[in-house]
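Inspection log for the structure reproduced underneath, given as structure tokens.
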Amino acid sequence: MHLEEMKKEIENLVITKGFYNKLEDIPKKLLFAFIELGEASDAWKKGLPQEKIAEELIDVVFYILDTSRLACPDMNMDEVFKKKLEKNFSRPYQYGEGHRHK
Ligand SMILES: [Mg+2]
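In my numbering, the protein residues as written are -2 to 99.
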């Protein structure tokens, strides 16, 4: 499944379950993504099974894609992913981690 398909599945879930679905809800969705990151970190720190860590990371992906659906609806996230990956590959070795050389 690609990101655009995932976005549609998440939209279906949001509508079916009556979750927040307005532009004004975007900050909440971003906050929930952070909360899920915290849950993933907590699961890892507690040495929980990989399945639990992965589930929390997928929760992060859910909120991020759901936010993209509302915040930048005209963007194709599969295309954005490809472009950004190419951009990052074009950067120097260990770019953005200059502190490692100090
Ligand atoms: Mg969770």
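Every residue gets a Cβ at the ideal spot worked out from N, C-alpha and C, and that includes glycine.
Under 8 Å Cβ to Cβ from residue i, same chain only, skipping five residues before and after it: list those, please.
| i | result |
| --- | --- |
| residue 89 | none |
| residue 75 | -1, 0 and 1 |
| residue 73 | 1 |
| residue 23 | 64, 67 and 68 |
Output needed for residue i: all residues of its chain with C-beta closer than 6 Å, excluding positions within five of it in sequence on either side, in chain order.
| i | result |
| --- | --- |
| residue 36 | 53 |
| residue 17 | 25 |
| residue 56 | 33 |
| residue 4 | 62 and 66 |
Can you name, in chain order, every residue of its own chain whose Cβ lies under 7 Å from the Cβ of residue i, other than the five neighbours on each side?
| i | result |
| --- | --- |
| residue 8 | 66 |
| residue 42 | none |
| residue 95 | none |
Do the stretch 54 to 66 and the stretch 80 to 87 meet, that is, are 3 or more Cβ pairs less than 8 Å apart?
-> no
For review: beta carbons within less than 7 Å of any heavy atom in ligand 1 | 33, 36, 52, 53 and 56
Enumerate, from N- to C-terminal direction, the unbroken beta strand (DSSP E) stretches of 3 or more residues contained entirely within the stretch 0 to 26.
-> The qualifying runs do not exist here; there are none.
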